[in-house]
Amino acid sequence: ITGALALSILSTASAATGVVFTQSELLADTDVQADGILLYAYNFAAPGGQTVNGIPFTTMPAGVLSSNWQTYPYSDACTDCGGATAQLGTVLNTLAFINPDGAETITLAGLTIGQRYRAQVLMSNDVNDTGNREQFIMGGVTHTMSSWTTNGPGTSVALTVEFTAESTTEAI
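Going by the numbering used here, 162 is the number at position 133 of the sequence shown; the sequence numbering is gapless.
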C-alpha cells in the first residue's frame with residue numbers, strides 16, 4: 030500500500046468479546062473515534078502535534094512498527110475527506126506501507142491483561158489499489174481490506190479492531 034497510516038488506541042467498556050474488525054470510510058474528523066480512555070495516538074510518519082476530533086496525535090516512538098515500513102512525501106492523502114480539517118490531512122500524509130518483503134507488524138504496548146481495547150488504524154491511499162489486498166490479523170482473526178478506491182469517497186478508511194488484551198503487548 031502506498032499512502033498514510035495513523036493509530037489511536039482507547040480503553041473501552043465494550044461488551045463485545047473476541048477480536049472484532051470493522052472497516053469504515055474516513056470522511057470527516059468525527060470518524061476518528063474519541064470515546065473511551067485514550068492510551069495513545071501516533072502519527073506514524075510526520076511529527077505529531079495534530080488534534081483530530083479531540084484526539085492529540087504525537088510522534089510515533091521506536092518499536093511500534095516493524096522495520097520495513099517506509100516514509101514518502103505524499104501530500105494529497107486526504108483530499109477526498111470532505112468534512113476533514115487540515116489536521117487530519119497531516120495525520121494521513123507521508124507513510125508508505127507495506128514493503129513487498131512480507132508481513133509487517135504494529136505493536137500495541139502498555140496494555141492491561143483482561144482489559145477491552147479499541148485500536149483505530151487510519152489509512153489513505155490516493156496512489157494505487159493495493160490496499161484491497163492487505164490483510165490485518167490479530168488473535169487468529171483476519172480482516173481483508175475491501176472497497177478501498179483510489180479517488181473520490183473511499184480513499185481514506187478507518188479500520189477499527191476491538192480486542193481483550195491477553196498480554197501487556199499485542200500485535201496487529
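Even for Gly, the Cβ is constructed at its ideal location relative to N, Cα and C.
Does DSSP put residue i in a helix, in a strand, or in coil?
| i | result |
| --- | --- |
| alanine 187 | strand |
| aspartate 173 | The residue asked about is misnamed: residue 173 is threonine in this sequence, not aspartate. If DSSP states are grouped into helix, strand and coil, threonine 173 belongs with the strands. |
| threonine 136 | strand |
| threonine 141 | coil |
| glycine 32 | Note on glycine 32: pLDDT 40, under 50, position unreliable in the model; the coordinate value appears next. Coil at glycine 32, not helix or strand. |
| threonine 59 | helix |
| alanine 194 | coil |
Between which two residues does the alpha helix (DSSP H) carrying residue i extend?
| i | result |
| --- | --- |
| valine 120 | 115-120 |
Provide the residue(s) that pair with residue i in DSSP beta bridges, ordered along the chain.
| i | result |
| --- | --- |
| proline 76 | Answer is none; proline 76 lacks a bridge partner. |
| methionine 167 | Val170 |
| proline 85 | Thr80 |
Based on Cα-Cα distance, which residue from the options lies nearest to residue i?
| i | options | result |
| --- | --- | --- |
| alanine 91 | Leu137, Ile201, Thr193 and Thr189 | Leu137 |
| aspartate 58 | Ala194, Leu117, Thr87 and Ala70 | Leu117 |
| leucine 55 | Thr171, Gln149, Gln164 and Thr197 | Gln149 |
| methionine 204 | Pro76, Pro85, Ile166 and Asn72 | Residue 204 lies beyond the stretch modelled for the chain, which goes from 30 to 201, so this question has no answer here. |
| arginine 89 | Val81, Ala70 and Gln79 | The residue asked about is misnamed: residue 89 is methionine in this sequence, not arginine. Considering only alpha carbons, the answer is Ala70. |
Let's see if you can read the secondary structure: which residues bound the beta strand (DSSP E) around residue i?
| i | result |
| --- | --- |
| threonine 198 | Note, threonine 198: premise wrong, no beta strand (DSSP E); not H, not E. |
| valine 49 | 49-54 |
Nearest-angstrom Cα distance between residue i and residue j?
| i | j | result |
| --- | --- | --- |
| valine 190 | threonine 173 | 13 Å |
| valine 228 | threonine 51 | Nothing about residue 228 can be reported from this structure: the residues present for the chain run from 30 to 201 only. |
| threonine 141 | threonine 198 | 9 Å |
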